[in-house]
Amino acid sequence: EKDAALERRFQSVKVEPPSIEDAIEILKGLRPRYEDHHKMDLTDDAVTAAVKLSDRYITGRFLP
Numbered sequence: 005e006k007d008a009a010l011e012r013r014f015q016s017v018k019v020e021p022p023s024i025e026d027a028i029e030i031l032k033g034l035r036p037r038y039e040d041h042h043k044m045d046l047t048d049d050a051v052t053a054a055v056k057l058s059d060r061y062i063t064g065r066f067l068p
């Protein structure tokens with residue numbers, strides 16, 4: 005059962021998925037957290053390859 009009063013207080017916001025270039029920049033920004041958590045180093049080439057390969061082979065899902 006929907007609560008009409010509660011539903012009126014919210015608004016839908018459509019967020020477009022990031023482009024490949026934007027996804028690369030997002031992951032580069034998150035890279036220090038991943039490196040610290042997994043105790044390893046990620047190169048720019050590894051981040052770029054991960055995004056491009058994800059876009060190519062993981063269908064039906066959006067980039068981060």
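So for the sequence shown, this note's numbering puts the first residue at 5; every next one is plus one.
In this text, a Cβ means the ideal position worked out from N, Cα and C, and glycines have one as well.
Close Cβ partners of residue i (< 7 Å) along its chain, the five nearest in sequence each way excluded
{"i": "Arg35", "result": "Leu46 and Val51"}
{"i": "Val55", "result": "Ile24, Ala27, Ile28, Leu31 and Leu67"}
{"i": "Tyr38", "result": "Leu46"}
Supposed close pair residue i, residue j - CB separation, criterion 8 Å
{"i": "Leu67", "j": "Ile24", "result": "7 Å"}
Top-ranked residue by Cα proximity to residue i, from the options
{"i": "Gly33", "options": "Arg13, Ala8 and Asp48", "result": "Asp48"}
Close beta carbons around residue i, own chain, < 8 Å, minus the five adjacent residues each side
{"i": "Pro21", "result": "Phe66 and Leu67"}
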